[in-house]
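*Asks:*
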Amino acid sequence: MKLDKIDIKILSELQKNGRISNVELAELVYLSPSPCLMRVKKLQAEGFITGYSAQIDVSKLGQTLTVFTEITLRNHRQNDFARFLATVEKIDSVIECHLVSGGYDYLVKFVTAGITEYQTVMERLVEMDIGIDKYFSFVVLKSPIVKSHLPLDAIFDR
């Protein structure tokens with residue numbers, strides 16, 4: 009499916025407000041409600057829209073710790089990466105995991121109740137012998153910019 013400007017606008021608006029009514033969305037993208045709903049359903053069916061969720065203000069939940077961790081694996085065979093990912097994806101405190109280029113293999117984002125919980129998770133991962141050679145932790149002190157939406161207009165303006 010090739011996206012047109014209206015599809016991009018629909019995705020952009022839904023990123024901002026996933027609870028918007030179809031009538032409101034249709035007005036914003038200059039369509040009548042029925043064709044707008046058809047486009048949204050097609051975007052869902054084609055996998056462009058993978059779900060809807062609430063954005064949580066973590067600071068309201070009490071004390072939390074966010075840590076970005078650079079992880080380097082000992083070996084770089086396909087099964088080494090698969091074993092690492094199979095283990096890490098089961099850890100609730102892992103919010104993001106990215107395979108990256110450069111001086112390490114993965115950049116992993118953890119959100120835990122505190123430094124003790126984070127260190128316990130990391131010690132457990134190292135002890136599990138899933139191929140971790142070394143890791144470096146970067147504790148987040150403040151997050152002045154956090155966006156929950158992609159710059160769709162810039163990405164698709166080609």
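Numbering (the working numbering), first residue to last: 9 to 166. Backbone N, C-alpha and C define an ideal beta-carbon position, used for all residues, glycine too. In this text the structure is predicted, and so the values were computed from the model without any measurement.
Can you name the start and end residues of the beta strand (DSSP E) that Tyr143 belongs to?
*Replies:* Along the sequence shown, one-based indexing puts residue 143 at 135. Taken as a continuous stretch (DSSP letters only), the beta strand (DSSP E) holding Tyr143 covers 140-147.
*Asks:* When burial is assigned at 16 or more other CB atoms within 10 Å of the CB, is Phe92 buried or exposed?
*Replies:* Along the sequence shown, read from residue 1 onward, the residue named residue 92 stands at position 84. Buried is the call here.
*Asks:* Which word fits Ala53, buried or exposed, when buried means at least 16 other C-beta atoms lie within 10 angstroms of its C-beta?
*Replies:* Position 45 of the sequence shown, counted from the start, is the residue given in the question as residue 53. Classification of Ala53: exposed, given that the 10 Å Cβ count is below 16.
*Asks:* Can you tell which of Ser101, Asp141, Leu19, Ile16 has its C-alpha closest to the C-alpha of Glu78?
*Replies:* Here residue 78 refers to the residue found at position 70 of the sequence shown. The residue with the shortest Cα to Cα distance from Glu78 is Asp141.
*Asks:* Comparing C-alpha positions only, which one of Ala121, Val96, Tyr112, Lys155 sits nearest to Leu133?
*Replies:* On the sequence shown, residue 133 is found 125 positions in, with the first residue counted as 1. That would be Val96, whose Cα lies nearest to the Cα of Leu133.
*Asks:* Looking at the structure shown, is Leu79 part of a helix, part of a strand, or coil, going by DSSP?
*Replies:* Walking along the sequence shown from the start, residue 79 turns up at place 71. The sequence given here has Ile at residue 79, not Leu. Here Ile79 sits in strand by DSSP.
*Asks:* Which residue wins for smallest C-alpha separation from Val129, given the options Ala34, Asp113, Leu73?
*Replies:* Counting from one through the sequence shown, the residue named residue 129 turns up at place 121. Ranking the options by Cα distance to Val129, first place goes to Leu73.
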